[in-house]
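The structure appears below as structure tokens.
Protein chains: 2
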Amino acid sequence: MRVHQMWNGYPDLKEDLSVVLKLIESHIRVHNKTVETTIKELVHSGGKLLRPAYSLLCAQIGPDNDKDKAIAVAAALETLHMATLIHDDVIDEADTRHGISTIHSKYDNKFAIYSGDYLFCVCFTILSKHATSLAHLEFNSRSMEKILSGELEQLDSRYRSAVTVKDYLSRVSGKTAQLFAVSCYSGAIESQASRRHTMNAWNMGHHIGMAFQIMDDILDYQGDCNTLGKPVMADIKQGIYTLPLIYAMQANPGAFQPLLDKKSSLTDEDMVSLTELIKKYEGVEKALLLAQRYTDKAIKQLNKLPDGPYKEKLYQITAALLNRTV
Amino acid sequence: MRVHQMWNGYPDLKEDLSVVLKLIESHIRVHNKTVETTIKELVHSGGKLLRPAYSLLCAQIGPDNDKDKAIAVAAALETLHMATLIHDDVIDEADTRHGISTIHSKYDNKFAIYSGDYLFCVCFTILSKHATSLAHLEFNSRSMEKILSGELEQLDSRYRSAVTVKDYLSRVSGKTAQLFAVSCYSGAIESQASRRHTMNAWNMGHHIGMAFQIMDDILDYQGDCNTLGKPVMADIKQGIYTLPLIYAMQANPGAFQPLLDKKSSLTDEDMVSLTELIKKYEGVEKALLLAQRYTDKAIKQLNKLPDGPYKEKLYQITAALLNRTV
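Those sequence lines, one after another, are chains A and B. Those letters in the first sequence? Residues 7 to 332, by the numbering used here. Those letters in the second sequence? Residues 7 to 332, by the numbering used here.
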């Protein structure tokens, strides 16, 4: 199993993540072998496995370190993440993710929709097979509902140039941050951590998710296709306005309006103008400051967790993740 | 709550189905009220509620008649059915279902994909909140997986004119029949029915599902847009070949090939020719015979269930359903 190189410095964690991938793969059983292989390829497409990694580390907070349970929960979280990615790809009409063809461009939307649905089911099968209790499972379902209703909100706000920082944060909170929070929380709760520490884990995950998504959105404004693995400025064309643009717009809404009114017919030239306006009004710099604030909040929660070798790893990974340039 | 008129003769069941709809509705909570209303409208779009009805009736097989549990399981099944319908609509590019606009044509595919995902989560939330055990839940997840992998198989067989009766039956078995089987099984198991009776319920549901889908496919060859509520011959244009066509093709493959080779560019005239060919080779008559065989098998399983008022209802509903003209 190929696990992302970012885990090379953490051999135990890397080994666990490899078992996570194996567990997911073992659940993918489709009669048609071409279909099965395609879905399995997705499992091994080289994502960072951040959510299962945080979940596994947080499964060391409490006294009960049942490795099998921790790995099952991590596997369910990554499966859920993959399911939403496949559907996001259909929706974003993105052609590549991590540099390889997405399922929907390689086959078609139909295949992508059902594959995502299939992975949703696999996620629940893994959870119900390994989770501690029905109450825990209900919590996970509700968390997933919240993630999906976050996606639904986002669709509604497209092309609304009056979108505020608050709108943006509420969208990120319901989407990325929620899944990071659930990941840390689920690990903690499986380890029988105290209620206080479980909440610390949830909050830490939430803040990490917020900072992670802001950084991710900032990268869209900085790199080019090669370094980002994702079409630059794609979000703007689709009417999804992220933090650097929102901050810059606040400084001078009138300067942006004529460009944004063009919606999906924005030309490359328009894109250059937009980038310059965002630079002029320091959209990226302001967004970076907010990401830093969330990172600080995450670290504050992390400080409150009980001592242990896992804690140092959480510091290092979080610091590396949130100062990332790739 | 508007419940389909087909249940007018069964006031108790109709009342329970109304509670099922209320339970589903109570779980739909999206911050954006427009989105929430749209999803709720779907819940009340007047589907027949067959799966929850069978589940509720089978929940009277065993000695434990916990109404709340039975209603929750029925609600989860209908929610799952609605989630797959929404995604099927995106995939089929069908414009209306039951005569009202489908979610995807009213809004767009993006909204439809996330709404379906949201309902998947609601299904699991309802199940995990009310189901008897994790084992039962795992069984439900696996059944859903099987349904989705059935959908994936179907995509792969599009436009394959060499598709056999066996291929067709295996597709229907993994899709419609599976959900009918799970519905009957889940009701039975919640009522603490014996293992033998639970298996009878499963088999009965499976056979009903097979007969139901064959009848549904036959209707595509018989009515017009108004009586069917579904575009006639839509399946053929999309490369989905159903039983009447497959049977007719077996009699003279060469006669059909030139028409089917046109794939989605089939004209209305071609459709008329196809209909005449199918009539000539008695495709519908042969399909009806097979539907009758599945109905007989279903009744045989039903006969084996313990006596009770629910049993007469199952007879009546199944007979009405499978001889249906609408």
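For glycine and all other residues, C-beta sits at the position ideal for the given N, C-alpha and C.
query: On the premise that residue 183(A) lies in contact with residue 64(A), defined as a C-beta separation below 8 Å, what is that separation, rounded to the nearest angstrom?; result: Going by Cβ atoms, the distance from residue 64(A) to residue 183(A) rounds to 15 Å, so no, they are not a contact pair.
query: Does DSSP put residue 214(A) in a helix, in a strand, or in coil?; result: helix
query: Going along chain B in order, which residues have a C-beta closer than 7 Å to the C-beta of residue 216(A)?; result: Here the premise fails: no neighbours, minimum Cβ distance about 18 Å.
query: If we count Cβ pairs, one from each stretch, closer than 8 Å, do we get three or more for the region 172-192 of chain A versus the region 270-289 of chain A?; result: no
query: Among the residues of its own chain, which have a CB less than 7 Å from the CB of residue 320(B), if the five just before and after it don't count?; result: 63 and 308
query: Please report how far the alpha carbon of residue 300(A) lies from the alpha carbon of residue 200(A), in whole angstroms.; result: 24 Å
query: In terms of residue numbering, what span does the alpha helix (DSSP H) encompassing residue 31(B) cover?; result: 17-33
query: Residue 91(B): which of 114(B), 76(B), 61(B) and 125(B) sits nearest, CA to CA?; result: 125(B)
query: So residue 128(B) contacts chain A; which residues on that side make the cut at Cβ distance below 7 Å?; result: 151
query: Let me check you understand the geometry: is the CB of residue 18(A) closer than 7 Å to at least one non-hydrogen atom of the ligand NAP?; result: With respect to the ligand NAP, the structure shown offers nothing to examine, as it has no ligands at all.
query: In the DSSP assignment, the alpha helix (DSSP H) including residue 264(A) goes from what residue to what residue?; result: 259-266
query: Hey, residue 154(A) and residue 123(B): beta-carbon distance below 8 Å or not?; result: yes
query: Ordered along the chain, which non-local residues of its own chain (more than five positions away) have a Cβ less than 8 Å from that of residue 29(A)?; result: 77, 78, 81 and 132
query: Below 8 Å on the Cβ atoms is my contact criterion, and I expect residue 174(B) with residue 248(B) to pass it. Report the Cβ-Cβ distance as a whole number of Å.; result: 7 Å
query: Go through the region 257-332 of chain A residue by residue and report every complete run of the alpha helix (DSSP H) that reaches 4 residues or more, in order.; result: 259-266, 274-286, 289-309 and 315-328
query: Taking Cβ-Cβ distances shorter than 9 Å, what residues in chain B pair up with residue 270(A)?; result: Going along chain B, no residue has its Cβ under 9 Å from residue 270(A), so there is no contact; the nearest lies around 13 Å.
query: Beta-carbon within less than 7 Å of residue 312(B)'s beta-carbon, same chain only, minus the 5 sequence neighbours each way: which residues are those?; result: 67 and 203
query: Can you tell me whether residue 32(B) is buried or exposed? The criterion is at least 16 other CB atoms within 10 Å of its CB, across all chains shown.; result: exposed
query: Express the C-alpha separation of residue 14(B) and residue 21(B) in angstroms, rounding to a whole number.; result: 10 Å
query: Which chain A residues sit within Cβ distance under 8 Å of residue 10(B)?; result: Correct list: empty, because the minimum Cβ distance to chain A is about 26 Å.
query: Name the chain B residues that come within less than 7 Å of residue 36(A), Cβ to Cβ?; result: 155 and 158
query: Is the Cβ of residue 123(B) closer than 8 Å to any Cβ of chain A?; result: yes
query: On a Cα-Cα basis, can you pick out the residue from 17(B), 71(B), 56(B) and 75(B) that is closest to residue 84(B)?; result: 56(B)
query: For the putative contact between residue 69(A) and residue 23(A), defined by C-beta atoms under 8 Å, what is the C-beta separation to the nearest angstrom?; result: That belief does not hold up - the Cβ atoms of residue 69(A) and residue 23(A) are roughly 23 Å apart, past 8 Å.
query: So for residue 38(A), helix, strand or coil by DSSP?; result: coil
query: Look at the Cβ atom of residue 60(B), then the Cβ atom of residue 156(B), and state whether they are nearer than 8 Å.; result: no
query: Just confirm the distance between the C-beta atoms of residue 49(B) and residue 12(B), as a whole number of angstroms; I'd bet it's less than 8 Å.; result: With 8 Å as the limit, residue 49(B) and residue 12(B) do not qualify as a contact, their Cβ atoms being about 18 Å apart.
query: Apart from the five residues just before and just after residue 36(A), which ones in its own chain have a Cβ nearer than 6 Å to its Cβ?; result: 42
query: Got a sec: which bits of the region 80-99 of chain A sit with their beta carbon under 7 Å from any beta carbon on chain B, in order along the chain?; result: 93, 96 and 97
query: Using only the alpha-carbon positions, how far apart do residue 297(A) and residue 209(A) sit?; result: 15 Å
query: Residue 151(A) and residue 127(B) look like a contact to me (Cβ under 8 Å); what is the Cβ gap, rounded to whole Å?; result: 4 Å
query: Would you call the CB atoms of residue 54(B) and residue 10(B) closer than 8 Å?; result: yes
query: Within 8 Å of any Cβ in chain B, is that where the Cβ of residue 195(A) sits?; result: no
query: Counting only Cβ pairs nearer than 8 Å, list the residues of chain A close to residue 177(B).; result: Correct list: empty, because the minimum Cβ distance to chain A is about 10 Å.
query: With C-beta atoms as the reference, is residue 221(B) less than 8 Å away from residue 328(B)?; result: yes
query: Please list, in chain order, the chain A residues whose beta carbon lies closer than 9 Å to that of residue 281(B).; result: Ordered by position in chain A, no residue passes the 9 Å Cβ test against residue 281(B), which lies about 26 Å from the chain.
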